[in-house]
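**Q** The sequence shown runs 12 to 192 under the numbering used here. From the three backbone atoms N, C-alpha and C, an ideal C-beta is built for every residue, glycine too. Just so it is clear, the structure is predicted and the values come from calculations on it, not from any experiment. One structure, as structure tokens, below. Some questions next.
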Amino acid sequence: MSSKIIALALLMLALSLSACGYHLRGVTALNPVYAKVFVQGMSESDPVYQQLQYLFQNTQSQLVRDPKRATATLVIDKNQVIQRVAVVTPQASVQQYELYQQIKYHIELPDGRSTEPQTLGRALNYNYDPVGVLASTGNQQQIAQELAQSLAQLLFYRLSAPISAAKPKDAAQGASEAVQP
Numbered sequence: 012m013s014s015k016i017i018a019l020a021l022l023m024l025a026l027s028l029s030a031c032g033y034h035l036r037g038v039t040a041l042n043p044v045y046a047k048v049f050v051q052g053m054s055e056s057d058p059v060y061q062q063l064q065y066l067f068q069n070t071q072s073q074l075v076r077d078p079k080r081a082t083a084t085l086v087i088d089k090n091q092v093i094q095r096v097a098v099v100t101p102q103a104s105v106q107q108y109e110l111y112q113q114i115k116y117h118i119e120l121p122d123g124r125s126t127e128p129q130t131l132g133r134a135l136n137y138n139y140d141p142v143g144v145l146a147s148t149g150n151q152q153q154i155a156q157e158l159a160q161s162l163a164q165l166l167f168y169r170l171s172a173p174i175s176a177a178k179p180k181d182a183a184q185g186a187s188e189a190v191q192p
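Put into structure tokens, the structure is as follows:
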């Protein structure tokens, strides 16, 4: 009787482990407008661009280097990283900094339509130790990388939503056309 209980317990354990939530990643399908995306206003060495490149690897779309081949242009109007003091000790020394990164962008399509400018922003704090400046610098670099990864993911997910783009002359009149997948 005990061997049946042990077998049942092992079966339950195996079933619970197989249902832990792990799934193979599938191919993400973006709007066909984004089949070939050119990023303007951001260097390929920028951590946000590198993260976007990584995210595009698992899609049916791709980032292109030649704007003439692009089916859409992601125009980065502003990519700003600001370091601000977050926490000050009673002795007036900085204990924590905040890194804030903001990206303002819009999409341009080959037929002259473009989206309204949109803004993404994210802030993360990190501890500062004046004695361990090298450690604090490494901490700042890690936080900057996390910010870039987070903003690239937000930007990528926004690209998966339907876009509303208007021609420049129609934009002044307020008319817009939705681009459907």
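1) Between the alpha carbons of A176 and N42, how many angstroms are there, rounded?
2) Measuring straight from C-alpha to C-alpha, what distance separates L63 and Q164?
3) Considering only DSSP beta bridges, list what K47 is partnered with.
4) What is the DSSP secondary structure of E109, counted as helix, strand or coil?
5) Are three or more beta carbon pairs between the stretch 66-82 and the stretch 94-110 nearer than 8 Å?
6) Drop a sphere of 10 angstroms on the beta-carbon of S104, count the other beta-carbons inside from all chains shown, and report buried for 16 or more, exposed for fewer.
7) CA-CA distance, V50 and Q94?
8) Helix, strand or coil for L5 per DSSP?
9) K47: which of T82, Q152, H117, E157 sits nearest, CA to CA?
10) What is the DSSP secondary structure of R80, reduced to helix, strand or coil?
**A** Working from what's here:
1) Their Cα atoms are separated by approximately 13 Å.
2) Cα to Cα, L63 sits roughly 7 Å from Q164.
3) Paired residue(s): Q73.
4) Strand at E109.
5) Too few Cβ pairs lie closer than 8 Å, so no.
6) Exposed: under 16 other Cβ atoms inside 10 Å.
7) It is roughly 25 Å from the alpha-carbon of V50 to the alpha-carbon of Q94.
8) Given a span of 12 to 192 for the chain in the structure shown, any question on residue 5 remains unanswerable.
9) The shortest C-alpha separation from K47 is found at T82.
10) Looking at R80 - three-state DSSP - the assignment turns out to be helix.
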